[in-house]
Every structure is written in structure tokens, then in C-alpha cells.
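What follows is a set of notes on a single structure, which appears directly below.
Numbering (our numbering), first residue to last: 15 to 74.
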């Protein structure tokens, strides 16, 4: 797997674990739709920051 795909998979796992542990700890209920939205937004931000950092560090 290339580095970008590894980053996105790790980001998805991170978002999923973060959502599950926080929601179960504070509400005790799990909602699949909210989990999907949270994971999608988190992956979107991860991808956006990856592209931004790549743009900033690209050789001139």
C-alpha cells in the first residue's frame, strides 16, 4: 500500500474509534448515520490537509 492510502485507512480507523468510544461513553447509544457522517468529514479533512501539505512541500 502506498503512503497516501495508508494515511487514509489510518484516518478512517482513527475516526471510527474516536466516534465509537466518545459516543458510547457520553450517550450510550450508537447511530450509524452519524458515524458515517463523522468518518466522511474526518476523511475529507485528512485528505484536504494531505493535499495542502503536499502542495506546500512540492519541489519548485
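Idealized CB from N, CA, C, for every residue including glycine.
Residue i, DSSP secondary structure in three states
i: residue 42; result: coil
i: residue 20; result: helix
i: residue 71; result: coil
Burial state of residue i, where buried means 16 or more other Cβ atoms lie within 10 Å
i: residue 42; result: exposed
i: residue 68; result: exposed
Next on the checklist: Quick test of the definition: if touching needs 3 or more C-beta pairs under 8 angstroms, does the stretch 55 to 65 touch the stretch 15 to 34?
Outcome noted: The stretch 55 to 65 is in contact with the stretch 15 to 34.
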